[in-house]
Amino acid sequence: MIEIDVALGRPGGFRLAAGFTAPPAGITALFGRSGAGKTTIIQMVAGVVRPERGRIVVDDTVFFDSRAGIELPIEARRVGYVFQDARLFPHMSVERNLRYGERRSRAAARPIALGAVVDLLGLKPLLARRPHTLSGGERQRVAIGRALLVQPRLLLMDEPLASLDEARKQEILPYLERLRDELHLPVLYVSHAVEEVLRLADHMVALAEGGIIAAGPVSEVMSRPDLLPVLGRFDLGTILECTVARHDTALGLSSLAFADGELRVPLVDVAPGAGVRARIRSRDVALALSEPVDISVTNRLPGLIAAVERQQGPYADVALDLGHTLLHATLTTESVERLALRPGLPAWALIKAVAVEGRSPGLSAAAAPAGP
Amino acid sequence: MLTPEEWTAVRLSLTVAFWATAWSLPVAVLAAFVLARTEFPGKRLLDGLVYLPLVLPKVVVGYLLLLTLGARGLFGQYLDQWFGIRLVFSTSGAAVAAAVVGFPLMVNAIRLALEAVDRGLELAARTLGAGRLDVFLTITLPLMLPGIAAGILLSIASALGEFGATITFVANVEGQTRTIPLAIYSATHTPDGDAVAGRLVLVSVALALGALLLAGLADRRIRLLIGRT
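Protein chains in written order, with the working numbering: chain A, 3 to 374; chain B, 881 to 1109.
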């Protein structure tokens, strides 16, 4: 278990105050816009930045406790820190970079062996090379391997994909998934990309302006309308934890089963039975008071209106209770008034199949474990 | 070719340059580190002190050395009493003069190199379990090598050319303190010394060119070694 409760004031008025716990295994995403304080938090966990006050405990080891006057030096914390810019040592080969932390690790047990890391991250052809001859993606893989060989208590990843182009990101993501699934290591993963969080993380902490605005399982937190300041109106949506029911290759469609029914979506590149997270943006959801039949929209889901919330501008957020899921729809207040939408009213949610399209950001076609 | 006296001057120049550089190198690295990486009251004073020999007339530097390290100098008398070390009129003294004059150049080169080292790499090393000294030895120092090489070259060049401080501090004693510049100076004061001066000038030019070539080669090797091309 990782317990973090820290506060810090910076000249210029920035204040950070954040407290949360992260589970002992799996990826916890620290999510928010730049300047929200995500990186500062993991820097405090690593010991690079000292909190004004607070407490940081990882697996019964106290890293920092301002009241007890405890501050473990950086090198004694044994965290694997993967920086956004890799930070490989330019005067060493890839292999010596990998061994740098391994040699210095004071871990009693060493479950992570060099050979295993080399296999996991596909580093074999790179071992003799120098960092300046590597591509951005290769550098980041080496950096991850180097951090793992410290035998870390936890892994800290600071936007490891942010400096890479889309092709390189797609190259690294499968490695991160393997790492998550094969090593039972807690990971704090800083990101401002919805897609990465959906694809990789189990838990998330959403930050804005130095404070936590939501924390919990990804599907729950990502579905909250109060994430508006972080996501913006465009990306606000509902996350459905689904399993692939079947593929209809002739039509090019897949059926995804979730707690309250099925979604028809364009073909998903995942085997039947595997879990996927479907993301339905609130602005792509329409509501009807009766089931429309002569309409092209494929996905029609019945429910009861749970809440109607007026927002800034012409917008209103309507939450439809599908049984186990709250599906959010962004409507105009004009429509809300015309249909006299109010809590308790039965309604149908209409979602075009093509609105839940592609990998990013509508549907994260990853073998993400369905729910915690 | 060269007469035995001229050979002696050449050998002496190289000896003085070597020892001046060898002794000032560790001190220069320390001074560069203190100036580049630490903050303390009075740092500006130290900063000024380090660079003082660069701006002072060399004769003044030599005279100050005489006052402090000379036979009856502030510290010099104790050097003699306690350790039996006499710097005046000796090759060691010439090396001290050359070291003091070349010190600011060396510190400056090393300091610039140190300031160019990415602190992010040092932090990364610490998260990988390396303590401060370990980080300095395995990351910072290797990445500073081009600057250290430049510092060594500057120090050697400065020592080979040093004249004013040397002649003031340790005088012009053949076989002890008469390095190439002093020998040239003496030759120009001797009737028929032109041939001697001319040969020593040629040696000086050859030494300087050789040092530059060597430095260029070393720099290329080092940059290859630390992956900076």
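Ideal Cβ placement from N, Cα and C applies to all residues, glycine included.
Requested in this report: At 4 residues or longer, and completely inside the segment 994-1082 of chain B: list those alpha helix (DSSP H) runs for me, N to C.
Outcome: 999-1007, 1012-1015, 1021-1041, 1044-1050 and 1060-1068
* Does the segment 38-56 of chain A come close enough to the segment 126-137 of chain A that 3 or more CB-CB pairs lie under 8 angstroms? -> no
**Prompt:** What residues of chain B sit near residue 48(A), judged by a beta carbon separation below 7 angstroms?
**Reply:** Taking the first residue of the first sequence as 1, we reach residue 48(A) at position 46. What residue 48(A) touches in chain B: 1007.
*Does the beta-carbon of residue 876(B) have 16 or more other beta-carbons within 10 angstroms, so that it is buried, or is it exposed?*
No answer is possible for residue 876(B): the residues shown for chain B start at 881 and end at 1109.
Worksheet item: Hey, does residue 134(A) have any beta-carbon neighbour from chain B nearer than 8 angstroms?
Response: Numbered from 1 along the first sequence, position 132 holds the residue referred to as residue 134(A). True, the Cβ-Cβ gap to chain B drops below 8 angstroms.
Quiz item: Would you call the CB atoms of residue 895(B) and residue 971(B) closer than 8 angstroms?
Solution: Within the second sequence, numbered from 1, the residue matching residue 895(B) stands at position 15. Within the second sequence, numbered from 1, the residue matching residue 971(B) stands at position 91. Yes, they are a contact pair.
- prompt: If the cut is a Cβ gap below 9 angstroms, which residues of chain A does residue 921(B) touch?
  reply: Against the second sequence, residue 921(B) aligns to sequence position 41. The premise fails here: residue 921(B) is roughly 22 angstroms from chain A at the closest Cβ pair, so nothing lies under 9 angstroms.
Starting from residue 350(A), trace the beta strand (DSSP E) in both directions and tell me its first and last residue.
Position 348 of the first sequence holds residue 350(A). Its beta strand (DSSP E) spans residues 348-353.
Check your understanding: Taking one C-beta from the segment 80-99 of chain A and one from the segment 997-1009 of chain B each time, how about it: are there three or more such pairs within less than 8 angstroms?
Key -> yes
Checklist entry - How about residue 119(A) and residue 150(A): are their beta carbons less than 8 angstroms apart? => result Here residue 119(A) refers to the residue found at position 117 when the first sequence is read from its first residue. Here residue 150(A) refers to the residue found at position 148 when the first sequence is read from its first residue. In this structure, residue 150(A) lies closer than 8 angstroms to residue 119(A) by Cβ.
For chain A, check one thing: does any of its Cβ atoms lie closer than 8 angstroms to the Cβ of residue 1023(B)? Position 143 of the second sequence, counted from the first residue, corresponds to residue 1023(B). Chain A, which has a Cβ nearer than 8 angstroms to the Cβ of residue 1023(B), makes this yes.
- Message: Output needed for residue 152(A): all residues of its chain with C-beta closer than 8 angstroms, excluding positions within five of it in sequence on either side, in chain order.
- Response: Reading the first sequence from its first residue, position 150 is the one you call residue 152(A). For residue 152(A), where only same-chain residues beyond five positions count, the Cβ hits under 8 angstroms are 80, 81, 82, 103, 104, 106, 107 and 109.
| said: Quick check on residue 370(A): does DSSP put it in helix, strand or coil? | reply: Along the first sequence, read from residue 1 onward, the residue named residue 370(A) stands at position 368. For residue 370(A), the predicted structure reports a pLDDT of 42, less than 50, and the residue's modelled location is therefore unreliable. The matter cannot be settled from this model.
- Query: If we call anything under 8 angstroms between Cβ atoms a contact, is residue 73(A) one with residue 66(A)?
  - Reply: The residue labelled residue 73(A) in the question sits at position 71 within the first sequence. The residue labelled residue 66(A) in the question sits at position 64 within the first sequence. Yes, the pair counts as a contact, with Cβ atoms nearer than the cut-off.
Buried or exposed (CB count within 10 angstroms, at least 16 for buried), residue 918(B) = Locating residue 918(B) in the second sequence gives position 38, counting from the first residue. With fewer than 16 other Cβ atoms within 10 Å, it is exposed.
Residue 287(A) to residue 159(A), Cα distance in whole Å?
By 1-based counting over the first sequence, the position of residue 287(A) is 285. By 1-based counting over the first sequence, the position of residue 159(A) is 157. Each residue's alpha carbon lies about 34 angstroms from the other.
If you draw a straight line from the alpha carbon of residue 912(B) to that of residue 187(A), how long is it in whole angstroms?
Here residue 912(B) refers to the residue found at position 32 when the second sequence is read from its first residue. Here residue 187(A) refers to the residue found at position 185 when the first sequence is read from its first residue. Cα-Cα distance, rounded: 42 angstroms.
Length of the line joining the Cα atoms of residue 322(A) and residue 10(A)
The residue you call residue 322(A) lines up with position 320 of the first sequence. The residue you call residue 10(A) lines up with position 8 of the first sequence. Answer to the nearest angstrom: the Cα atoms are 40 angstroms apart.
key: For residue 66(A), the three-state DSSP class (helix, strand or coil)   = Mapped onto the first sequence, residue 66(A) falls at position 64. Reduced to three states, the DSSP call for residue 66(A) is strand.
CB of residue 1031(B) within 8 angstroms of CB of residue 986(B), strictly = On the second sequence, position 151 is the one that residue 1031(B) refers to. On the second sequence, position 106 is the one that residue 986(B) refers to. Yes, these two residues count as a Cβ contact at 8 angstroms.
Could you name the residues of the segment 97-119 of chain A whose beta carbon sits closer than 7 angstroms to any beta carbon of chain B, in the order they occur along the chain? Those would be 102, 103, 106, 107 and 108, in chain order.
| query | Helix or strand or just coil, what does DSSP make of residue 21(A)? | reply | Counting from one through the first sequence, the residue named residue 21(A) turns up at place 19. Looking at residue 21(A) - three-state DSSP - the assignment turns out to be strand.
Can you pull the chain A neighbours of residue 1000(B), defined as C-beta to C-beta under 8 angstroms? As a first step, residue 1000(B) must be located in the second sequence, where it is residue number 120. 85, 87 and 89, listed in chain order.
Mapping the DSSP letters down to three states, classify residue 362(A) as helix, strand or coil. On the first sequence, residue 362(A) is found 360 positions in, with the first residue counted as 1. Note that residue 362(A) scores 37 on pLDDT, short of 50, meaning its location in the model is unreliable; the coordinates nonetheless yield the value given after this. Reduced to three states, the DSSP call for residue 362(A) is coil.
message: Looking at the secondary structure, which residues open and close the beta strand (DSSP E) in which residue 334(A) lies?
response: Reading the first sequence from its first residue, position 332 is the one you call residue 334(A). From DSSP, the beta strand (DSSP E) with residue 334(A) extends over 328-334.
- Message: Determine, for residue 143(A), whether the minimum Cβ-Cβ distance to residues of chain B falls below 8 angstroms.
- Response: Locating residue 143(A) in the first sequence gives position 141, counting from the first residue. For residue 143(A), the answer is no, since every Cβ of chain B falls outside 8 angstroms of its Cβ.
Is it a yes or a no for the segment 1012-1023 of chain B touching the segment 986-1001 of chain B, going by three-plus beta-carbon pairs under 8 angstroms? Because the criterion of three Cβ pairs below 8 angstroms is met, the segment 1012-1023 of chain B and the segment 986-1001 of chain B touch.
Problem set entry | Cα-Cα separation between residue 353(A) and residue 205(A), rounded to whole angstroms | As a first step, residue 353(A) is located in the first sequence; it is residue number 351 there, counting from the start. As a first step, residue 205(A) is located in the first sequence; it is residue number 203 there, counting from the start. One alpha carbon belongs to residue 353(A), the other to residue 205(A), and they sit about 27 angstroms apart.
Of the residues 1064(B), 1092(B), 990(B) and 889(B), the one placed nearest residue 1081(B), counting alpha carbons only | If you number the second sequence from 1, residue 1081(B) lands on position 201. Cα-wise, what sits closest to residue 1081(B) is 1064(B).
CA-to-CA distance, residue 889(B) to residue 953(B), given in whole angstroms
Taking the second sequence and counting its residues from 1, the one referred to as residue 953(B) is at position 73. Taking the second sequence and counting its residues from 1, the one referred to as residue 889(B) is at position 9. Their backbone Cα atoms lie some 27 angstroms apart in a straight line.
- Taking only beta-carbon positions, decide if residue 73(A) is within less than 8 angstroms of chain B. By 1-based counting over the first sequence, the position of residue 73(A) is 71. Not an interface residue.
Check: Between residue 975(B) and residue 900(B), is the Cβ-Cβ spacing less than 8 angstroms?
Finding: Counting from 1 along the second sequence, the entry for residue 975(B) is found at position 95. Counting from 1 along the second sequence, the entry for residue 900(B) is found at position 20. The answer is yes: Cβ separation under 8 angstroms.
Inset, instruction - Evaluate residue 283(A) with the Cβ neighbour count: other Cβ atoms within 10 Å of its Cβ, from every protein chain shown; 16 or more gives buried, anything less gives exposed. - result: Reading the first sequence from its first residue, position 281 is the one you call residue 283(A). Buried, since its Cβ has 16 or more Cβ neighbours within 10 Å.
Using only the alpha-carbon positions, how far apart do residue 328(A) and residue 340(A) sit? Walking along the first sequence from the start, residue 328(A) turns up at place 326. Walking along the first sequence from the start, residue 340(A) turns up at place 338. So the two alpha carbons sit approximately 23 angstroms from each other.
Please list, in chain order, all residues of the same chain as residue 1033(B) whose beta carbon is under 7 angstroms from its beta carbon, the five residues on each side excluded.
Taking the first residue of the second sequence as position 1, residue 1033(B) is located at position 153. Once the five neighbours on either side are set aside, the close Cβ partners of residue 1033(B) are 1091 and 1095.
Check: Contact check, residue 319(A) vs residue 231(A) under 8 angstroms by CB: the rounded distance?
Finding: Counted from its first residue, the first sequence places residue 319(A) at position 317. Counted from its first residue, the first sequence places residue 231(A) at position 229. The pair is not a contact, with the Cβ atoms about 14 angstroms apart (cut-off 8 angstroms).
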